[in-house]
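Numbering (the numbering used here), first residue to last: 78 to 146.
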């Protein structure tokens, strides 16, 4: 997930974030929740990327070493 996509998720849940000059107050609980959401989105994106890379590498290896001349 790209930065702008993540920001859209936050703005959808907290429309006041879209106003450039808005004053936003977060409780410690709210800040922790925001951090956890960011971590979760990043982790899921990393896992998806890792699986894609793993599939690509596996495909590359079988193509490279699977053929006998």
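Glycine included, C-beta positions come from ideal geometry on N, C-alpha and C.
Model, not experiment: these values are computed from the prediction.
Within the same chain, 99 and 101 come within 7 Å of residue 93 by CB-CB distance, once the 5 residues on both sides are set aside.
Pairing residue 132 with residue 122, the inter-Cα distance amounts to about 15 Å. For the options 83, 119 and 90, the alpha carbon positioned closest to that of residue 107 is the one of 90. The C-alpha of residue 109 lies about 25 Å from the C-alpha of residue 126. C-alpha of residue 83 to C-alpha of residue 95: approximately 13 Å in a straight line.
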